[in-house]
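Numbering (the working numbering), first residue to last: 12 to 328.
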């Protein structure tokens with residue numbers, strides 16, 4: 012089990028005025044990481060961009076110099092090294108073109124990655140704006156099927172820059188630790204235990220069992236199903252809405268709904284023996300996958316498809 016903590020590079024746009032202040036900021040940064048509670052079997056991982064070591068902490072004092080600074084506690088320096096897995100590639104400089112995440116009008120790598128992967132963002136408390144446990148972001152998505160090509164929404168990213176922030180997220184983190192899934196086969200076998208308010212069409216068995224251990228899409232599928240389960244569990248009115256949950260839902264365009272071929276590709280046999288058209292779907296933030304669902308009744312949602320973006324009139328592949 013692993014917990015990804017994502018470094019926010021924007022916190023070092025303004026460096027400290029002197030080396031001693033920079034050292035203290037790094038000490039606070041490390042204490043923040045240590046304060047994040049995880050199960051004993053869980054490994055914390057610090058994800059950073061490629062230029063992490065060359066970020067400037069203070070004038071003429073780079074992060075790489077801090078890592079070799081003999082006046083800094085050796086255990087603190089070793090901790091940063093232990094949190095960075097050499098097998099993990101740096102965060103990509105080019106984000107998914109279908110989604111853009113900005114913070115106060117600025118493009119960002121770390122906050123973007125934390126948003127699409129539902130991970131914890133972490134910063135040095137270099138400025139007052141980082142003294143918060145929540146970052147408000149603007150999200151712009153490409154919408155292939157609708158007349159309006161862009162969807163712009165506001166959302167939040169969990170964040171920490173001090174010990175108090177780290178502790179605030181304990182319940183949220185513990186919820187994620189409860190679902191420790193090895194592969195898609197385990198999702199299918201444990202579906203009734205983990206997602207008691209969701210029903211799965213028989214065809215979803217293959218969709219899930221094709222997801223291998225370590226596959227990039229695995230975490231996104233687990234998190235999305237878990238969030239959909241919470242939403243469905245709290246559904247009591249006639250109309251089903253994912254508002255207030257970390258879910259990006261949309262329907263199909265009129266042209267796709269009227270296309271017999273594409274409509275058939277979204278029609279699935281349900282557990283009750285009835286065929287239904289699954290227009291509504293959740294977009295996974297971290298990849299080009301979709302989960303098609305059908306709200307049956309309060310407290311019950313049917314899952315009809317898990318996999319790559321199905322073809323539409325404007326998206327043929």
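For every residue, glycine included, the Cβ atom is placed at its ideal position computed from N, Cα and C.
Inter-residue spacing [alpha-carbon to alpha-carbon] between residue i and residue j
i, j, result
"residue 90", "residue 82", "16 Å"
"residue 298", "residue 311", "26 Å"
"residue 115", "residue 148", "7 Å"
"residue 84", "residue 122", "29 Å"
"residue 48", "residue 188", "11 Å"
"residue 125", "residue 176", "16 Å"
"residue 153", "residue 292", "15 Å"
"residue 18", "residue 172", "10 Å"
"residue 182", "residue 241", "14 Å"
"residue 308", "residue 324", "30 Å"
"residue 180", "residue 94", "19 Å"
"residue 24", "residue 197", "43 Å"
"residue 223", "residue 193", "8 Å"
"residue 167", "residue 220", "32 Å"
"residue 285", "residue 319", "24 Å"
"residue 164", "residue 117", "15 Å"
Residue span of the beta strand (DSSP E) that contains residue i, given as start and end
i, result
"residue 192", "Neither: residue 192 is in no beta strand (DSSP E) and is coded neither H nor E."
"residue 114", "110-114"
"residue 164", "161-171"
"residue 317", "311-319"
Residue i (DSSP reduced to helix, strand or coil)
i, result
"residue 90", "helix"
"residue 144", "coil"
"residue 251", "coil"
"residue 270", "coil"
"residue 275", "helix"
"residue 183", "helix"
"residue 259", "strand"
"residue 296", "coil"
Residues near residue i by beta carbon distance below 6 Å, same chain, minus five either side
i, result
"residue 50", "188"
"residue 210", "282 and 313"
"residue 119", "21"
"residue 61", "101"
Own chain partners of residue i with C-beta closer than 8 Å, once the 5 adjacent residues on each side are dropped
i, result
"residue 302", "232, 235, 236, 239, 292, 293, 295, 314, 316 and 317"
"residue 128", "15, 17, 230, 231, 296 and 297"
"residue 8", "Because the chain spans 12 through 328 in this model, residue 8 falls outside it and cannot be assessed."
Residue span of the alpha helix (DSSP H) that contains residue i, given as start and end
i, result
"residue 20", "Unbroken run through residue 20: none, as it is neither H nor E."
"residue 203", "202-205"
"residue 219", "215-220"
"residue 133", "No alpha helix (DSSP H) contains residue 133, which is instead part of the beta strand (DSSP E) from 131-133."
Residues of its chain near residue i, where Cβ-Cβ distance is below 7 Å and the 5 sequence neighbours each way are ignored
i, result
"residue 174", "42, 43 and 46"
Counting only runs that start and end within the segment 16-66, where is the beta strand (DSSP E) found for 3 or more residues in a row? 54-58
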